[in-house]
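Numbering-wise (the numbering used here), the sequence shown opens with residue 243 and increments by one.
Even glycine gets a Cβ: it sits at the ideal position worked out from N, Cα and C.
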Amino acid sequence: MAKKDLVTIKVSGLKDLHKALKNLDHDLHKKTLKAAGKSAMDPVAVSARNNGARDTGGLYATIKVSATTDVRRLRKSGRKAAMIASVSAGTSSRKKGVTGHQALNVEFGNSKIKAQPFLRPALQGKQRSTILRFRKELRKGVEKSARTQARRTAR
């Protein structure tokens with residue numbers, strides 16, 4: 243990926259967010275981050291499904307949203323992050339549908355197939371709205387988790 247393809251966003255209020263998340267139990271903290279990430283990326287997945295080629299429908303069926311707080315995957319990304327949310331296409335098994343290699347061939351093309359991008363156009367121009375949606379969902383999630391935390395400690 244070229245440097246120009248990266249998204250740069252300035253965020254403020256992270257100290258307050260970190261403080262609010264730190265007050266939550268670890269399981270609520272992780273659950274809140276994952277839920278906010280998934281809901282923020284859902285419209286991107288819908289757009290990717292609409293953009294994708296539908297010859298057999300196999301690619302359409304394999305587009306999914308995932309979010310992780312797994313420490314190993316976070317370290318592997320090389321960024322200082324608490325959660326990674328992503329939209330992916332393809333599976334590891336041919337029996338379940340289009341494989342990851344086939345999805346890459348559709349997205350970028352090869353010597354025999356013309357590129358039919360579906361993931362990149364799904365996110366282009368939607369970075370700001372995705373971040374705003376993440377912020378809104380995270381705020382709701384932190385408030386809900388704080389109420390859950392209060393009920394837990396009241397017991």
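**Asked** Exposed or buried, HIS271, counting other C-beta atoms within 10 Å across all chains shown (16 or more means buried)?
**Response** buried
**Asked** Per DSSP, which one or two residues make a beta bridge with ALA309?
**Response** Paired residues: ALA327.
**Message:** Taking the alpha helix (DSSP H) that SER371 belongs to, which residues open and close that run?
**Reply:** 369-396
**CA-to-CA distance, ALA345 to ASN352, given in whole angstroms** = Distance from the CA atom of ASN352 to the CA atom of ALA345, rounded to whole angstroms, is 11 Å.
**Request:** For the region 377-385 and the region 284-300, state whether three or more C-beta atom pairs, one from each stretch, are separated by less than 8 Å.
**Result:** No, they do not touch.
**Asked** Which residues in the same chain have their Cβ closer than 8 Å to the Cβ of ASN265, if we skip the five residues on either side of it in sequence?
**Response** ALA388 and GLN391
**Asked** Opposite THR341 in the DSSP bridges: which residues?
**Response** THR333
**Prompt:** With ILE305 and ARG315 assumed to form a contact (beta carbons below 8 Å), what rounded beta-carbon distance in angstroms separates them?
**Reply:** Wrong, their Cβ atoms sit about 20 Å apart, outside the cutoff.
**Item:** For LEU374 and LEU259, the rounded distance between their alpha carbons
**Value:** 15 Å
**Message:** Under DSSP, the alpha helix (DSSP H) around PRO285 begins and ends at which residues?
**Reply:** Counting along the chain, the alpha helix (DSSP H) containing PRO285 begins and ends at 268-293.
**Item:** ALA324 versus THR311 - alpha carbon distance
**Value:** Between ALA324 and THR311, the alpha-carbon positions lie close to 6 Å from each other.
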